[in-house]
Amino acid sequence: MKKTKHTEQKPKEFAAKPFAALKGVQPIAAAPAVTKTAPPAQPPAAATDDSDLFLRAMADVRRFDRPAPTPEKRSPSQPASRPAVRRIDEEERQLFLDTLQGLKLDVTFQDGALDEDESVPAPLAVNRMRQLRRGTIRIDYELDLHGLTRDEALEALARFIGGAFNRGQQAVLIITGRGNNSPGEPVLQRAVTGWLRGDGRQCVAEFALAPRNLGGDGAVVVFLKGK
Numbered sequence: 001m002k003k004t005k006h007t008e009q010k011p012k013e014f015a016a017k018p019f020a021a022l023k024g025v026q027p028i029a030a031a032p033a034v035t036k037t038a039p040p041a042q043p044p045a046a047a048t049d050d051s052d053l054f055l056r057a058m059a060d061v062r063r064f065d066r067p068a069p070t071p072e073k074r075s076p077s078q079p080a081s082r083p084a085v086r087r088i089d090e091e092e093r094q095l096f097l098d099t100l101q102g103l104k105l106d107v108t109f110q111d112g113a114l115d116e117d118e119s120v121p122a123p124l125a126v127n128r129m130r131q132l133r134r135g136t137i138r139i140d141y142e143l144d145l146h147g148l149t150r151d152e153a154l155e156a157l158a159r160f161i162g163g164a165f166n167r168g169q170q171a172v173l174i175i176t177g178r179g180n181n182s183p184g185e186p187v188l189q190r191a192v193t194g195w196l197r198g199d200g201r202q203c204v205a206e207f208a209l210a211p212r213n214l215g216g217d218g219a220v221v222v223f224l225k226g227k
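Mapping of the sequence shown onto UniProt numbering: position 93 corresponds to residue 93, and the numbering continues sequentially without gaps.
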């Protein structure tokens, strides 16, 4: 009797292929990594002179937020004017100081302490006009109100005085003129001095009317309080 040979079968190798049934499905290629490009370096900003910043800020002197009286009417043919803020150069300053000889301060408003039972401040111990002549106090900026109406001038004045006070200026020059719709009458000068005595008291120490040749129809030297 022939013996039957039993062929030993080799065990199949185990292969884990869970996605073998997904034939024809191509894997999605990964998106290439985005390389961030640094923005080009910006050149350093040029340093701006402090006086230029003040002039730039004052260039738009027109209105400030407060209830205002009914504005004065301007004729249709009359173009709107803009107040001019300008830095005074050394030659003009010297001419100004030469012209101030004998000029007196407005003694009705000074920032001394109030006497008892009186509403008028006591005289100052230091004469600011003398300090101005000696160069201890400098006037670096002027505000020209020529061609403005009374309301426009007062609004420009408040903005200018407030800016000069916050910047630490000691004194400024206000050129008034007569004002539009006010022929033959120095309305602006009276309005300016009235504002300096009233609404401007928080910033203004004292002021003086400058000689007529310094401001056309008049100018006012305004001394500001220290912060």
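Positions of the beta carbon are idealized from the N, C-alpha and C atoms, including for glycine.
Assuming the contact rule is C-beta atoms closer than 8 Å, residue i and residue j should be a hit. Round their C-beta distance to whole Å, please.
i, j, result
"Tyr141", "Arg201", "Going by Cβ atoms, the distance from Tyr141 to Arg201 rounds to 20 Å, so no, they are not a contact pair."
"Lys225", "Val204", "7 Å"
Using the three-state DSSP reduction, which class does residue i fall into: helix, strand or coil?
i, result
"Ile175", "strand"
"Arg130", "helix"
"Leu188", "helix"
"Arg138", "coil"
"residue 261", "Coverage of the chain is limited to positions 1 through 227, which leaves residue 261 absent and any answer about it impossible."
"Leu224", "strand"
"Leu143", "strand"
What's the C-alpha gap between residue i and residue j?
i, j, result
"Ala208", "Thr149", "22 Å"
"Thr136", "Arg128", "9 Å"
"Leu145", "Val172", "13 Å"
"Gln169", "Val222", "10 Å"
"Gly147", "Leu188", "10 Å"
"Ile175", "Ala219", "4 Å"
"Asp151", "Gly162", "17 Å"
"Ala156", "Leu143", "9 Å"
"Met159", "Lys227", "The question names Met, but residue 159 is Arg in the sequence shown. Cα to Cα, Arg159 sits roughly 17 Å from Lys227."
"Glu206", "Gly198", "12 Å"
"Arg190", "Ala164", "21 Å"
"Arg167", "Ile139", "13 Å"
"Arg134", "Ala210", "17 Å"
Would residue i and residue j be called neighbours here (beta carbons separated by less than 8 Å)?
i, j, result
"Trp195", "Leu132", "no"
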